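What follows is one structure encoded as structure tokens, with my remarks underneath.
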Amino acid sequence: LGLRACDGNVDHAAVHIANRREELDQIKKEEREKKKRRLENINHLKGMGYSMRAARQALHQAAGNLEEALKILLHNPQLWWLNDSAPESNNRQQSPSQEKIDQLVYMGFDAVAAKAALRVFRDNVQLAAQTLVHNGGRLPPDLQLSAEDSSSTPSTSPSDSAGTSSASTDEDMETEAVNEILEDIPEHEEDYLDSTLEDEEIIIAEYLSYVENIKSAAKKN
């Protein structure tokens, strides 16, 4: 390839190859740093109480910018429902503990609003408090409806809308899985030539894991 690019001139080809290697090394270095920053940002958001899926989704929408990801999470609290192992519908059924409700009441929030927020966010005091603070002590309208749905008695008759919602959730999970795997694949057009078998095995294993989670979630529903 080097000789072809330099019309058969050996000396020029050697320089071309050396320069090309330097460029690829620099690209790989930048990609490693990008992945490192992304992991650090995910861990930062997880430390604030968000699930890994919610953190990844927000960072993906924010193109890796941590501050923008935080803004996205604050203005789209429905992302906080994203759980790492199961659909959110399975996790908003539990009644919040009185201890957690008392903690929010002690912070100055209304008991009813505190209970509703904890039900929505699966007893996560930090996320419930952040939501209430951001919305003046109340849940936003869309979350209020979700809290009411989670506390209501399920209907005895089959629900077509529930099936549609479940299918939509599965499609969203699959799309998200593909996007996350693609983010871990080197962006440069020739980088795949330098990928080791171990790298390929990790990527394949991660994708199969996501697919298995989707299948498990579908069976539960």
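Heads up: the sequence shown at position 55 corresponds to 459 in this note's numbering, and the numbers run straight through without jumps.
The beta carbon of each residue, even a glycine, is placed where N, CA and C say it ideally should be.
Quick caveat: nothing in here was measured; it's all calculated off a predicted structure.
- Here the alpha carbons of L474 and P500 stand approximately 25 Å from one another.
- DSSP, reduced to helix, strand and coil, places G451 within a helical segment of the structure shown.
- With 16 or more other CB atoms across the displayed protein chains lying within 10 angstroms of its CB, Q534 is buried.
- CA-to-CA, the gap between E435 and I505 works out to about 44 Å.
- Contact check between the segment 536 to 548 and the segment 511 to 518: three or more CB pairs, one atom from each, fall below 8 Å, which counts as touching.
- Per DSSP, the unbroken alpha helix (DSSP H) holding M456 starts and ends at M456 to Q465.
- For V419, the number of other beta carbons within 10 angstroms of its own is below 16, and it is reported as exposed.
- In the DSSP annotation of this structure, the continuous segment of the alpha helix (DSSP H) that includes L478 starts and ends at L470 to H479.
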